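Below is one structure, written out as structure tokens; comments come after it.
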Amino acid sequence: TFFYLDSSSQEIITIEIDGSNLPDDIGTLSKGKEIYSKSCSKCHGYSGEGLYGPELVGRSALDDKNISKTIGNFWPYAPKIFDYIKRAKRNDNEEFFSDSNVYSITAFLLKLNDLYDEEIIDKEKLSNIKMPNKDGFIRNYN
Numbered sequence: 214t215f216f217y218l219d220s221s222s223q224e225i226i227t228i229e230i231d232g233s234n235l236p237d238d239i240g241t242l243s244k245g246k247e248i249y250s251k252s253c254s255k256c257h258g259y260s261g262e263g264l265y266g267p268e269l270v271g272r273s274a275l276d277d278k279n280i281s282k283t284i285g286n287f288w289p290y291a292p293k294i295f296d297y298i299k300r301a302k303r304n305d306n307e308e309f310f311s312d313s314n315v316y317s318i319t320a321f322l323l324k325l326n327d328l329y330d331e332e333i334i335d336k337e338k339l340s341n342i343k344m345p346n347k348d349g350f351i352r353n354y355n
């Protein structure tokens, strides 16, 4: 059973592709692994391979027509991963979705996709991660 909660004013803020509006907090890779193992792996698999929830890890060729849309091969901007996790509540525990925990989960998911390997992550580090599919989308606005 999933519990969807009303959005707080903090969650209504849009995190931009350049990392604008990311919160001033930090997360850790080790905490992300712990949270993911306890709460996310039930649906997404221990290594992000997908069970009931979608696959999160994979780096197949970007020109493959049957590409699995994973963090490693589809998402063009790392800050939007934080934004998505923060908004996609699947739990009624507000502390679970604290900024620090969301940074931590984001770092761990990036690690699973071989895109991040540092223990600490913050808005500057997250904003500077170049995603493999960054140039795979056409921006239709300025």
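Under our numbering, think of the first position of the sequence shown as 214, with each following residue one higher.
Just so it is clear, CB atoms sit at the ideal spot from N, CA and C, and this is done for glycine as well.
Owing to the predicted nature of the structure, the values given are computational and were not obtained by experimental measurement.
- Inside the stretch 215-273, DSSP marks whole beta strand (DSSP E) runs of 3 or more residues at positions 239-241, from first to last along the chain.
- Ranked by Cα distance from Ser281, the first of Ile351, Glu262, Lys343 is Glu262.
- When DSSP states are grouped into helix, strand and coil, Lys338 belongs to the helix group.
- Secondary structure note for Tyr316: its alpha helix (DSSP H) is the uninterrupted segment 312-325.
- Secondary structure of Ile333 (DSSP, three-state): strand.
- Non-local beta-carbon contacts of Pro289 in its own chain, meaning distances under 7 Å to residues more than five positions away in sequence, involve Met344, Asn346, Lys347, Gly349, Phe350 in chain order.
- Our two residues, Asn341 and Phe310, have alpha carbons roughly 23 Å apart in a direct line.
- By the Cβ-count criterion, Leu339 is buried, with 16 or more other Cβ atoms from all chains shown falling within 10 Å of its own Cβ.
- In this structure, the alpha-carbon of Tyr297 lies about 12 Å from that of Ile226.
- Exclusion of the five residues before and after Ile228 leaves Asn234, Leu235, Pro292, Lys293, Phe295, Asp296, Lys299 as the residues of its chain whose Cβ lies within less than 8 Å of its Cβ.
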